[in-house]
Amino acid sequence: MEEMYDSESPDSSAPSSAAPAGCLTRVSLPLLLLLVSLGLFFVLLVTTQVQVARIHQILQRETQGHQSNCNLDAISKVPGSQEQIQALMRSEEELHQLKASVASLCRPCPWEWQFFQGNCYFFSRTQQSWQDAASACKNDGTQLVIINSEMEQKFLQFWDIRKNQRTWTGLSDHHNEGSWRWVDNTPLQLSFWNDGEPNNHGDEDCMELIDEGWNDNKCNVKNFWICEKPAAHCPNLYLSPPPQSLNNCSCPQP
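First residue of the sequence shown: 1, per full-length UniProt numbering; consecutive thereafter.
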């Protein structure tokens with residue numbers, strides 16, 4: 001077990017409000033503009049979809065009773081049908097473009113969070129004890145990170161190595177010595193402890209990420225920390241292909 005020092009970074013005295021909640025406050029105006037833009041886009045989407053549905057109904061009524069083999073020559077003689085077909089195609093193209101624009105505005109994670117395999121991660125810029133770090137995440141509606149795979153471990157370790165930071169995770173045994181559990185009370189199954197760890201030297205009950213892997217440390221030591229939450233779902237807003245009746249017509253030869 002390596003010797004530990006309770007050193008703080010220059011910004012260690014910053015209040016916990018510098019955590020994710022503070023970040024979200026600074027970007028409240030861009031978020032408001034984004035919500036207004038999304039509202040306008042969805043109004044346009046609904047209006048265009050109503051128009052497309054109306055044109056589909058008109059075409060269905062005008063072509064009802066014609067041959068099932070879709071005689072295009074006969075359909076072209078229906079008064080106004082060509083103009084309505086062209087209007088339908090234009091409306092569907094506009095709807096595709098609007099939905100593509102809305103999809104491009106969707107962000108799976110808030111600003112200053114990192115996306116990885118369906119989850120969002122916040123890497124703190126201040127240092128706190130393990131309990132204070134857990135509270136900072138909880139107050140923001142998230143939790144200290146839970147590591148469920150080797151890929152997730154490598155992703156988190158990459159950030160620690162790049163920033164040379166010791167970082168709290170959601171793993172501890174402070175409730176029951178030797179029984180390591182995550183903050184959601186699930187037992188530890190997959191681990192990446194350094195050689196000889198955990199050794200509980202000097203009542204070390206909380207797990208921190210360091211360059212080489214996992215290390216147990218005293219929970220009152222001030223470290224950086226990582227919050228984790230599920231990423232937002234960005235729906236697939238693209239239209240399905242046009243109806244078969246307009247594309248795959250098989251007309252008899254005269």
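Quick reminder that beta carbons are idealized off the backbone N, C-alpha and C, glycines included.
Name the two residues that bound the continuous beta strand (DSSP E) containing residue i.
i           : result
residue 206 : 206-210
residue 229 : 224-230
residue 193 : First-last for residue 193: undefined, no H or E at that position.
residue 213 : 213-217
Tell me residue i's beta-bridge partners as DSSP assigns them.
i           : result
residue 117 : DSSP, once it has assigned bridges, lists no residue as partnering residue 117.
residue 171 : 182
residue 158 : Bridge partners of residue 158: none, in fact.
residue 143 : 228
Out of the options, state which residue places its alpha-carbon closest to the alpha-carbon of residue i.
i           : options               : result
residue 183 : 169, 194, 136 and 217 : 169
residue 113 : 218, 217 and 140      : 140
residue 185 : 144, 89 and 212       : 144
residue 133 : 212, 87 and 166       : 166
residue 215 : 230, 92 and 172       : 172
residue 175 : 152, 230, 219 and 138 : 219
residue 211 : 193, 135 and 202      : 193
residue 230 : 117, 85 and 178       : 117
residue 152 : 200, 142, 115 and 83  : 115
Residue i: buried (16+ other C-beta within 10 angstroms of its C-beta) or exposed?
i           : result
residue 198 : buried
residue 180 : buried
residue 35  : exposed
residue 111 : exposed
residue 69  : Note on residue 69: pLDDT 47, under 50, position unreliable in the model; no value is reported.
residue 232 : exposed
residue 154 : exposed
residue 157 : buried
residue 138 : exposed
residue 93  : exposed
residue 21  : Bear in mind that the predicted position of residue 21 carries a pLDDT of just 49, short of 50, making it too unreliable to give a figure here.
residue 217 : buried
residue 66  : The predicted model places residue 66 with a pLDDT of 46, which falls under 50 and marks its position as unreliable, so this point remains unresolved.
Could you spell out where the alpha helix (DSSP H) holding residue i opens and where it closes?
i           : result
residue 111 : Run containing residue 111: none; DSSP gives neither H nor E here.
residue 130 : 130-139
Step through the CB atoms of chain D and report whether any lies within less than 9 angstroms of the CB of residue i.
i           : result
residue 140 : Among the chains in the structure shown there is no chain D, since it carries only a single protein chain.
Original post:
Is the stretch 120-134 touching the stretch 218-227, taking contact as three or more C-beta pairs under 8 angstroms?
Top reply: With three or more CB-CB distances shorter than 8 angstroms, the stretch 120-134 counts as touching the stretch 218-227.
**OP:** Would you check if the stretch 118-125 and the stretch 199-210 touch, i.e. whether three or more CB-CB distances between them fall below 8 angstroms?
**Re:** Output reads no: the stretch 118-125 does not touch the stretch 199-210.
**OP:** Could you say if the stretch 145-165 and the stretch 184-199 meet the contact criterion of at least three C-beta pairs nearer than 8 angstroms?
**Re:** Yes, they touch.
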